[in-house]
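Remarks on the structure that follows.
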Amino acid sequence: MTGAPARTLLLWCPDWPVLAAEIVDGVPATGPVAVLHANRVVACSERARAEGVRRGLRKREAQGRCPQLTVVEYDLGRDARAFEPVVAAVEELVAGVEVVRPGACAVAARGPGRYLGGEEAAAERIIEHVAQSCLVESQVGIADGVFAAGLAARAGRVVAPGGTPEFLAGLPVEALGRSALADLLRRLGVRTLGDFAALPAGDVLARFGFDGALAHRLAGGRDHRPLAVRQPPADLTVTAEQDEPIDRVDAAAFVARALAEQLHERLAGHGLACTRLGIEAVTEHGQELHRVWRHDGLLTAAAIADRVRWQLDGWLSGSNGRAGARPSRPTAGIIRLRLIPDGVIAQAGLQAGLWGETGEERERAHRALSRVQGILGPEAVVTAVLGGGRSPADQVRLVPWGDERLPARPDAPPWPGRLPAPAPAVVLPSPLAATVHDAAGEPVVISARLAVSAPPARLVVGTGQPAEIVGWAGPWPVDERWWAPVEARRRARFQVSLADGAALLLAVEAGQWLVEAIYD
Numbered sequence: 001m002t003g004a005p006a007r008t009l010l011l012w013c014p015d016w017p018v019l020a021a022e023i024v025d026g027v028p029a030t031g032p033v034a035v036l037h038a039n040r041v042v043a044c045s046e047r048a049r050a051e052g053v054r055r056g057l058r059k060r061e062a063q064g065r066c067p068q069l070t071v072v073e074y075d076l077g078r079d080a081r082a083f084e085p086v087v088a089a090v091e092e093l094v095a096g097v098e099v100v101r102p103g104a105c106a107v108a109a110r111g112p113g114r115y116l117g118g119e120e121a122a123a124e125r126i127i128e129h130v131a132q133s134c135l136v137e138s139q140v141g142i143a144d145g146v147f148a149a150g151l152a153a154r155a156g157r158v159v160a161p162g163g164t165p166e167f168l169a170g171l172p173v174e175a176l177g178r179s180a181l182a183d184l185l186r187r188l189g190v191r192t193l194g195d196f197a198a199l200p201a202g203d204v205l206a207r208f209g210f211d212g213a214l215a216h217r218l219a220g221g222r223d224h225r226p227l228a229v230r231q232p233p234a235d236l237t238v239t240a241e242q243d244e245p246i247d248r249v250d251a252a253a254f255v256a257r258a259l260a261e262q263l264h265e266r267l268a269g270h271g272l273a274c275t276r277l278g279i280e281a282v283t284e285h286g287q288e289l290h291r292v293w294r295h296d297g298l299l300t301a302a303a304i305a306d307r308v309r310w311q312l313d314g315w316l317s318g319s320n321g322r323a324g325a326r327p328s329r330p331t332a333g334i335i336r337l338r339l340i341p342d343g344v345i346a347q348a349g350l351q352a353g354l355w356g357e358t359g360e361e362r363e364r365a366h367r368a369l370s371r372v373q374g375i376l377g378p379e380a381v382v383t384a385v386l387g388g389g390r391s392p393a394d395q396v397r398l399v400p401w402g403d404e405r406l407p408a409r410p411d412a413p414p415w416p417g418r419l420p421a422p423a424p425a426v427v428l429p430s431p432l433a434a435t436v437h438d439a440a441g442e443p444v445v446i447s448a449r450l451a452v453s454a455p456p457a458r459l460v461v462g463t464g465q466p467a468e469i470v471g472w473a474g475p476w477p478v479d480e481r482w483w484a485p486v487e488a489r490r491r492a493r494f495q496v497s498l499a500d501g502a503a504l505l506l507a508v509e510a511g512q513w514l515v516e517a518i519y520d
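Mapping of the sequence shown onto this note's numbering: position 378 corresponds to residue 378, and the numbering continues sequentially without gaps.
What follows is the structure, encoded as structure tokens:
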């Protein structure tokens with residue numbers, strides 16, 4: 001690769017994990033605060049550093065140096081969420097921002113330097129804008145390449161073009177951010193980046209491997225990694241404000257059609273299609289209504305309009321709170337309607353199947369069931385999802401039609417005590433009491449060691465007639481939550497087949513026989 005590294009402007013927020021804890025969790029960053037990961041300090045506040053707390057200290061040692069230390073667990077998600085407004089503030093002034101990590105973002109310096117009056121003026125303008133918009137202090141460094149710009153930001157320097165190797169030469173090898181490599185280099189007598197950069201590249205590759213060779217290039221100011229420019233998320237939400245409240249379904253349908261076409265055109269302009277649609281409505285009395293519709297295909301303009309119309313029909317045709325299956329009707333008409341594309345993909349990312357996986361019949365069924373949901377609510381239409389578990393009731397989870405079909409428990413590896421195939425066709429919501437007798441008419445008993453007193457011969461369910469057992473298998477023991485006495489449950493299961501062709505799943509718990517499920 002040829003050519004000099006690109007001039008890079010990097011904004012760095014000191015002690016960002018501490019600031020993120022203050023922004024998200026309200027931990028005062030002006031006090032002694034330490035952020036810990038794996039029981040070691042990864043960041044600390046200025047007050048904590050004044051008390052002797054340093055990065056890398058163990059929790060006990062840090063608290064020994066500063067007894068009043070506030071300890072916060074490291075959370076990368078929290079750091080990223082808190083940093084998003086800072087990135088958005090930078091994007092208000094410059095385009096093409098790359099988030100290096102939470103607390104640091106970079107941009108090519110050429111553009112800001114040209115239209116903001118030079119590199120130093122651009123740095124000052126960005127720092128001031130972030131401080132005013134986000135109330136966050138930051139520093140900016142400018143150098144050739146992202147690596148050097150990050151080190152320059154810690155010193156608040158603007159390195160002259162071509163001066164990056166000289167700037168890096170005097171820095172310690174720890175600046176590479178590779179503790180193991182830095183420790184090895186120091187033991188070999190290599191203490192600065194300049195010393196490391198002076199070593200032959202071939203010898204560095206042979207001795208330290210690929211990562212060492214990459215660090216060698218960075219130490220010499222040969223950072224040619226291009227910026228991974230962040231694309232700001234497009235605002236795809238569409239909103240309709242109504243002068244007169246909507247309280248009739250026909251008027252709502254007209255608004256839904258226009259708003260759906262507007263949303264579809266906006267998505268098409270970005271090359272996107274919607275697979276999950278959020279519908280929000282606000283009534284004249286300030287009541288907020290919300291519903292998310294999912295679809296296993298692409299939502300066309302007509303499909304979006306249908307779902308919005310169905311949902312508005314369901315809201316406006318409610319039951320006014322009286323007994324019944326329908327949800328309550330809003331107390332006033334709708335004055336604001338908003339459509340939010342909660343899930344989007346590239347338009348070419350989903351296609352209909354060749355053999356009818358997403359054909360006309362499937363779409364008709366989906367429309368019919370979605371229509372029922374719009375009238376009676378999302379819980380009115382449910383489908384079963386199979387997952388892991390020790391009993392048929394544990395393995396089945398009912399989810400509303402259109403929602404993500406995720407099992408309650410993973411299906412693999414198999415759970416200990418799980419029933420063998422095939423699965424029963426009917427799982428009883430409440431097990432039926434039963435009695436089981438042997439050929440001599442004596443009750444069949446299961447011992448604590450799972451020994452069967454005699455082969456099962458007859459079964460009586462409730463007050464019904466005795467049925468002859470012609471085949472049986474088991475017992476399969478289940479001992480659940482033995483560590484919690486209140487929730488502990490111990491039972492054994494049997495599969496039995498009857499003379500009339502029926503097959504049942506039985507369980508014995510506390511000496512009582514129960515019918516749990518029926519096989520087809």
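Glycine included, C-beta positions come from ideal geometry on N, C-alpha and C.
As the structure is a computational prediction, the values presented were derived from the model and not from experiment.
Secondary structure at cysteine 134: helix, using DSSP grouped into helix, strand and coil.
Within the same chain, Ala143, Asp144, Ala148, Gly221 come within 6 Å of threonine 164 by CB-CB distance, once the 5 residues on both sides are set aside. Below 8 Å, too few C-beta pairs join the stretch 91 to 102 and the stretch 44 to 53 to call them touching: fewer than three. Annotation for valine 486: no beta strand (DSSP E) segment contains it, and DSSP assigns it neither H nor E. Counting only the Cα atoms, alanine 153 lies some 16 Å from glycine 113. Beta bridge pairing from DSSP links tyrosine 519 with Ala503. With a contact defined as Cβ atoms closer than 8 Å, alanine 517 and leucine 505 qualify at about 4 Å.
By the neighbour-count criterion, in which a residue is buried when 16 or more other Cβ atoms sit within 10 angstroms of its Cβ, histidine 264 is buried.
Boundaries of the alpha helix (DSSP H) around valine 86: 76 to 91. Along the stretch 164 to 225, the alpha helix (DSSP H) occurs as fully enclosed runs of 4 or more residues at 164 to 169, 179 to 187, 193 to 197, 201 to 219, listed in sequence order. Nearest C-alpha to glycine 278 among Gln311, Ala258, His285: Gln311. In this structure the stretch 267 to 286 touches the stretch 334 to 344; the number of beta carbon pairs closer than 8 Å is three or more.
Of Ala434, Asp479, Val444, the smallest CA-CA separation from glycine 464 is found for Ala434. Closest in alpha carbon position to alanine 122, among Leu398, Val385, Leu11, is Leu11. For leucine 267, the CB contacts under 7 Å within the same chain, skipping 5 residues up- and downstream, are Leu236, Ala273, Cys274, Pro341, Val344 in chain order. Nearest to valine 452 by C-alpha distance, out of Tyr74, Gly511, Asn39, Ala301, is Gly511. Nearest to valine 445 by C-alpha distance, out of Pro475, Ala425, Gly471, Ile469, is Pro475. Following the DSSP letters along the chain, one finds valine 249 inside the alpha helix (DSSP H) bounded by residues 249 to 269. Rounded to whole angstroms, the gap between the alpha carbons of arginine 276 and arginine 309 is 16 Å. Looking at the DSSP output, glutamate 98 bridges to Ala106. When secondary structure is reduced to three states using DSSP, proline 392 falls in the helix class.
Put simply, of Ala425, Ala215, Asp75, Val146 the residue whose alpha carbon is nearest the alpha carbon of aspartate 25 is Asp75. Comparing C-alpha distances from arginine 291 to each of Asp195, Gly387, Gly209, Pro400 shows the shortest one belongs to Pro400. Put simply, the backbone Cα of alanine 260 is about 26 Å away from that of valine 382.
Residue pairing for tryptophan 476: DSSP places it in a beta bridge opposite Arg493. Sequence-distant Cβ neighbours of glutamate 73 in its own chain, meaning closer than 8 Å and more than five residues away, are Val35, Leu36, His37. Where leucine 316 is concerned, the enclosing alpha helix (DSSP H) starts and stops at 301 to 316. Within a 10 Å sphere around the beta-carbon of threonine 8 sit 16 or more other beta-carbons, which makes this residue buried.
In summary, glutamate 119 is buried, with 16 or more beta-carbon neighbours lying within 10 Å of its beta-carbon over all protein chains present. Look at alanine 454 here: in three-state DSSP terms it is coil, with no helix or strand label. Nearest C-alpha to leucine 289 among Ala303, Ile304, His270, Gly314: Gly314.
In the three-state reduction of the DSSP assignment, glutamine 63 falls in the helix class, which pools H, G and I. The three-state secondary structure of glutamate 280, taken from DSSP, is strand.
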